[in-house]
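There are 2 protein chains.
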Amino acid sequence: MTENLLKELSLRTDSRIVLLVMDGLGDLPGKDGKTVLEQAEIPNLDRLAAKSVCGLTDPISRGITPGSGPAHLSLFGYDPLKYQIGRGVLEALGIGLELTCDDLACRGNFATIDENGVITDRRAGRISTEKNQELCSLLQKEITEIDGVKVIIRSGKEHRFVVVFRGKGLEDGISDADPQLNGKKIKYAEALRDESKWSVQIINRFIDRCLEVLKGHHPANAILLRGVAKHPELPSMGELFKLNPAAIASYPMYRGLARLVGMSILNTGEAIGDEFNTLKENYHKYDFFYLHIKKTDSYGEDGNFEAKLKVVEEVDCYIPALLELNPEVLVVTGDHSTPAALAAHSWHPNPFLLYSKYIRVDDVQHFSENEFVRGGLGRFPSKEAMSLMLANALKLEKYGA
Amino acid sequence: MTENLLKELSLRTDSRIVLLVMDGLGDLPGKDGKTVLEQAEIPNLDRLAAKSVCGLTDPISRGITPGSGPAHLSLFGYDPLKYQIGRGVLEALGIGLELTCDDLACRGNFATIDENGVITDRRAGRISTEKNQELCSLLQKEITEIDGVKVIIRSGKEHRFVVVFRGKGLEDGISDADPQLNGKKIKYAEALRDESKWSVQIINRFIDRCLEVLKGHHPANAILLRGVAKHPELPSMGELFKLNPAAIASYPMYRGLARLVGMSILNTGEAIGDEFNTLKENYHKYDFFYLHIKKTDSYGEDGNFEAKLKVVEEVDCYIPALLELNPEVLVVTGDHSTPAALAAHSWHPNPFLLYSKYIRVDDVQHFSENEFVRGGLGRFPSKEAMSLMLANALKLEKYGA
Chain A
5 MTENLLKELS
15 LRTDSRIVLL
25 VMDGLGDLPG
35 KDGKTVLEQA
45 EIPNLDRLAA
55 KSVCGLTDPI
65 SRGITPGSGP
75 AHLSLFGYDP
85 LKYQIGRGVL
95 EALGIGLELT
105 CDDLACRGNF
115 ATIDENGVIT
125 DRRAGRISTE
135 KNQELCSLLQ
145 KEITEIDGVK
155 VIIRSGKEHR
165 FVVVFRGKGL
175 EDGISDADPQ
185 LNGKKIKYAE
195 ALRDESKWSV
205 QIINRFIDRC
215 LEVLKGHHPA
225 NAILLRGVAK
235 HPELPSMGEL
245 FKLNPAAIAS
255 YPMYRGLARL
265 VGMSILNTGE
275 AIGDEFNTLK
285 ENYHKYDFFY
295 LHIKKTDSYG
305 EDGNFEAKLK
315 VVEEVDCYIP
325 ALLELNPEVL
335 VVTGDHSTPA
345 ALAAHSWHPN
355 PFLLYSKYIR
365 VDDVQHFSEN
375 EFVRGGLGRF
385 PSKEAMSLML
395 ANALKLEKYG
405 A
Chain B
5 MTENLLKELS
15 LRTDSRIVLL
25 VMDGLGDLPG
35 KDGKTVLEQA
45 EIPNLDRLAA
55 KSVCGLTDPI
65 SRGITPGSGP
75 AHLSLFGYDP
85 LKYQIGRGVL
95 EALGIGLELT
105 CDDLACRGNF
115 ATIDENGVIT
125 DRRAGRISTE
135 KNQELCSLLQ
145 KEITEIDGVK
155 VIIRSGKEHR
165 FVVVFRGKGL
175 EDGISDADPQ
185 LNGKKIKYAE
195 ALRDESKWSV
205 QIINRFIDRC
215 LEVLKGHHPA
225 NAILLRGVAK
235 HPELPSMGEL
245 FKLNPAAIAS
255 YPMYRGLARL
265 VGMSILNTGE
275 AIGDEFNTLK
285 ENYHKYDFFY
295 LHIKKTDSYG
305 EDGNFEAKLK
315 VVEEVDCYIP
325 ALLELNPEVL
335 VVTGDHSTPA
345 ALAAHSWHPN
355 PFLLYSKYIR
365 VDDVQHFSEN
375 EFVRGGLGRF
385 PSKEAMSLML
395 ANALKLEKYG
405 A
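So the protein sequences, as listed, match chains A and B. Residue 210 in the numbering used here sits at position 206 of the first sequence; the count goes up by one each step and never skips. Residue 264 in the numbering used here sits at position 260 of the second sequence; the count goes up by one each step and never skips.
Following this line, the structure appears as structure tokens:
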């Protein structure tokens with residue numbers, strides 16, 4: 005609904021939007037009863053909050069903890085319940101594979117089986133990443149295509165890898181080729197709908213080929229495949245919102261997500277400062293920038309409150325330089341919360357700050373979860389962020405006469 | 005959805021609801037950093053706010069700027085994305101035409117074409133309104149019906165007019181008969197769906213007749229037609245909400261919108277005081293009153309902050325008399341925002357105040373956009389205003405057992 009309305013109403017203009025996403029930003033009170041944002045020294049974000057309009061967003065709906073895929077799709081203006089990104093595709097994006105619309109992607113595990121084909125270790129004793137790379141090279145050398153379908157194998161960490169099947173007519177709707185438990189026989193994929201029968205044949209022939217090649221490579225003498233997913237073929241942000249968007253992200257998965265919605269991917273460095281430099285250097289070439297900070301989430305996942313706090317303080321230092329670019333619209337937010345106290349993604353809403361010329365500045369004085377409760381934007385679904393950004397950039401026409 | 009639920013639950017009772025709409029009420033901070041409402045002297049509205057429950061409404065959804073049609077439909081309890089009012093119909097209502105369900109309405113321009121039928125001026129040099137009236141009379145005299153379809157022509161301002169085709173079987177889904185640019189040939193209407201083919205024939209024969217009649221009336225020697233729209237045939241407020249509603253509005257378009265949803269239209273004067281008098285005089289004849297103040301929007305559109313402020317202050321003076329009528333429910337709100345700073349409709353939410361015997365009075369002390377952020381009603385879609393009004397008037401039964 006929203007996307008189609010925006011497709012109808014959006015205009016191409018010269019104004020610029022910067023969407024700064026600190027991944028997993030929202031937090032829960034730590035041992036001093038304060039969240040990361042409440043405890044951090046972030047004078048620039050506080051000053052910005054005092055002259056902005058603020059609120060809180062739910063990526064999916066109240067109480068629902070999102071993965072990175074749906075959390076980002078929402079922020080990019082896509083209904084995360086309508087457009088789904090399969091696990092295999094996300095994993096492929098995460099290791100930096102560039103997918104095409106013909107791709108079917110799966111997550112793989114190396115595993116150990118005994119002489120009867122019974123799984124004794126679903127993770128092949130967590131073989132080393134080096135061993136994994138060696139085995140993936142071997143598999144890739146032996147298996148390049150099956151029935152005209154190209155096979156692309158990429159190693160991940162320890163026992164994990166990704167396989168992508170590339171060819172016309174591949175379909176998803178396929179069960180995991182994984183019994184999920186040790187002590188069971190290895191399992192082949194099954195078609196969950198008629199259209200995927202041929203794809204299942206390809207996948208199962210791939211499994212058989214792997215079993216042949218891996219014979220004698222104990223403990224990694226079998227594979228399990230999960231999360232078989234087709235490239236989602238999303239309409240682009242250009243098509244929907246008439247934007248010419250660019251992504252600045254140091255982690256492959258986020259560049260991959262941005263590519264799925266048609267963003268240009270800008271080369272950038274590992275450091276936070278590199279990302280802000282990339283923004284400045286490319287500022288006149290695009291009209292929408294997605295700048296992604298990963299480490300707030302990584303340290304949240306580690307349960308490392310202090311380290312997460314330092315990342316937020318570091319980002320704060322770059323706010324003045326960002327404001328010097330004078331974007332027509334600046335949004336600072338998270339995609340989801342990753343409280344250190346939970347060491348995981350959570351369902352808590354995200355602080356959302358919008359700065360533009362056309363706002364009713366609210367009473368918020370500090371950049372924090374609880375302060376934003378009384379923000380002028382109230383609480384809203386993340387997928388409405390896009391219409392707010394476009395509206396404040398004067399990129400939307402009136403609806404109806 | 006909402007309408008159908010209310011249709012099921014609504015009850016006819018003796019209680020009365022007054023919906024006072026100050027058009028385009030919401031604003032943005034002016035040069036002193038205050039909005040019109042924050043700067044105006046409105047002691048009566050402030051006092052009322054202090055004993056009411058308040059909130060903010062979005063006519064369509066966050067970030068979407070509505071036209072007058074959808075903004076009003078929402079307030080009247082109709083889903084503005086489900087029920088759409090075409091441009092031609094709104095224009096016809098705006099010049100005071102009373103439409104029927106058999107009508108197809110279009111906006112027209114007088115234009116200038118050269119000997120090859122190429123448009124040299126899409127506005128015929130903005131001919132005078134008097135000349136326009138003269139030409140419309142001439143056209144109406146010459147063209148009264150086409151193929152059994154009645155043709156009604158009404159002049160507007162300068163080069164603009166409205167034509168209504170009245171007959172059974174007319175359908176919309178018709179392209180503009182307007183190339184939108186000077187230097188192009190005049191264009192005939194085209195059917196966008198099979199059902200509208202016959203209607204297109206009527207419209208194009210009308211265009212040909214006009215070209216014959218206008219020959220020699222350079223610069224107004226051609227016409228362009230846009231926004232072809234069928235009467236929307238909305239279910240009435242009586243049918244949906246069991247109300248016997250009346251409209252008090254000095255501007256034709258709003259009387260027209262009210263008529264579309266089945267309101268009785270009360271005669272009233274141009275002045276704000278006239279409208280409040282009309283309310284008092286008719287107070288015992290209806291159970292729902294829509295009282296529309298136009299000038300907050302008109303001055304907003306002019307970018308005239310001071311004049312908009314004066315209108316709000318004038319309305320404030322009539323609040324005590326309104327309260328003396330003792331309505332069971334009083335709502336004071338806007339249909340959309342028209343900030344003087346933008347000199348146009350905008351996407352910003354509307355202040356919404358509800359006063360009744362059955363409310364939880366909140367902490368709000370002043371009638372203003374930012375004060376209402378902390379109102380007890382929170383932020384909600386305008387289309388939910390109707391259920392709130394009906395509920396507070398004890399006009400809704402319980403849902404489910």
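Built from N, CA and C at the ideal position, the CB exists for glycine as well. Computed from a predicted structure; not experimentally measured.
- Per the coordinates, the alpha-carbon of Leu394 of chain A lies some 25 Å from the alpha-carbon of Thr337 of chain B.
- Scanning its chain for C-beta atoms nearer than 7 Å, with the 5 sequence neighbours on each side dropped, one finds around Pro74 of chain A the residues Pro63, Ile64 and Pro84, in chain order.
- With fewer than 16 other CB atoms across the displayed protein chains lying within 10 angstroms of its CB, Leu196 of chain B is exposed.
- The straight-line gap separating the alpha-carbon atoms of Leu10 of chain A and Ala128 of chain B is approximately 34 Å.
- DSSP places Gly242 of chain A within a helical segment (H, G or I) once states are collapsed to three.
- For Arg111 of chain A, there is no enclosing alpha helix (DSSP H); the residue is found in the beta strand (DSSP E) stretching over Asp107 to Ile117.
- Closest option to Leu23 of chain B, judged by alpha-carbon separation, among B:Leu228, B:Ala344 and B:Ala253: B:Ala253.
- Among the bridge pairs identified by DSSP, Cys58 of chain A is matched with A:Leu357.
- In the structure shown, Phe80 of chain B adopts coil according to DSSP, grouped into three states.
- For a Cβ distance threshold of 8 Å, residue set Gly404 of chain A lies close to Gln88 of chain B, ordered along the chain.
- For Thr124 of chain B, the enclosing beta strand (DSSP E) starts and ends at Ile123 to Asp125.
- Annotation for Ala311 of chain A: the continuous alpha helix (DSSP H) segment containing it runs Phe309 to Cys321.
- Counting only Cβ-Cβ distances below 7 Å, Leu261 of chain B has no contacts in chain A at all, with the closest Cβ about 11 Å away.
- Remark: C-beta atoms of Ala224 of chain B and Leu215 of chain B do not approach each other more closely than 8 Å.
- Using a 10 angstroms sphere on the CB of His352 of chain B, the tally of other CB atoms reaches 16 or more, which defines it as buried.
- Residue-level contact by beta carbon fails for Gly81 of chain B and chain A, as no gap is shorter than 8 Å.
- In the same chain as Arg91 of chain B, and ignoring 5 residues on each side of it, the C-beta atoms closer than 8 Å to its own belong to Arg111, Arg230, Gly231 and Ala233, in chain order.
- Among the CB atoms of chain A, one or more fall inside 8 Å of the CB of Val377 of chain B.
- Here Val368 of chain A carries a coil assignment [DSSP, helix/strand/coil].
- According to the DSSP assignment, Ser159 of chain B belongs to no alpha helix (DSSP H) but to the beta strand (DSSP E) extending over Val153 to Ser159.
- Residue-level contact check: Glu388 of chain A touches chain B, since one or more beta carbons of chain B fall below 8 Å from its beta carbon.
- Contact annotation for His352 of chain B against chain A: Arg364 [CB-CB distance below 7 Å, chain order].
- Beta bridge pairing from DSSP links Ile150 of chain B with B:Val153.
- Assigned with DSSP and collapsed to three states, Thr17 of chain A falls in coil, not helix or strand.
- Interface residue (Cβ-Cβ distance to chain B less than 8 Å): Phe384 of chain A is classified as such.
- One finds nothing in chain B with a Cβ atom closer than 7 Å to the Cβ of Thr61 of chain A; even the nearest lies about 10 Å away.
- Scanning A:Thr6, A:Lys314, A:Val93 and A:Gly242 for the CA closest to the CA of Lys299 of chain A turns up A:Lys314.
- Ile207 of chain A carries a helical assignment under DSSP once its states are collapsed to helix, strand and coil.
- Interface residue (Cβ-Cβ distance to chain B less than 8 Å): Ser391 of chain A is classified as such.
- In the same chain as Ile207 of chain B, and ignoring 5 residues on each side of it, the C-beta atoms closer than 6 Å to its own belong to Ala193, in chain order.
- Taken through DSSP and simplified to helix, strand or coil, Thr133 of chain B comes out as helix.
- Around His288 of chain B, no beta-carbon contact reaches into chain A at under 9 Å, the shortest distance being about 35 Å.
- Rounded to the nearest angstrom, the Cβ distance from Ile211 of chain B to Tyr403 of chain A is 29 Å, too far for a contact under 8 Å.
- For the 8 Å CB-CB criterion, Thr17 of chain A and Lys399 of chain A form a contact.
- The C-alpha of Pro331 of chain A is placed about 57 Å away from the C-alpha of His222 of chain A.
- When rounded, the separation of the alpha-carbon atoms in Ile117 of chain A and Asp50 of chain A is 57 Å.
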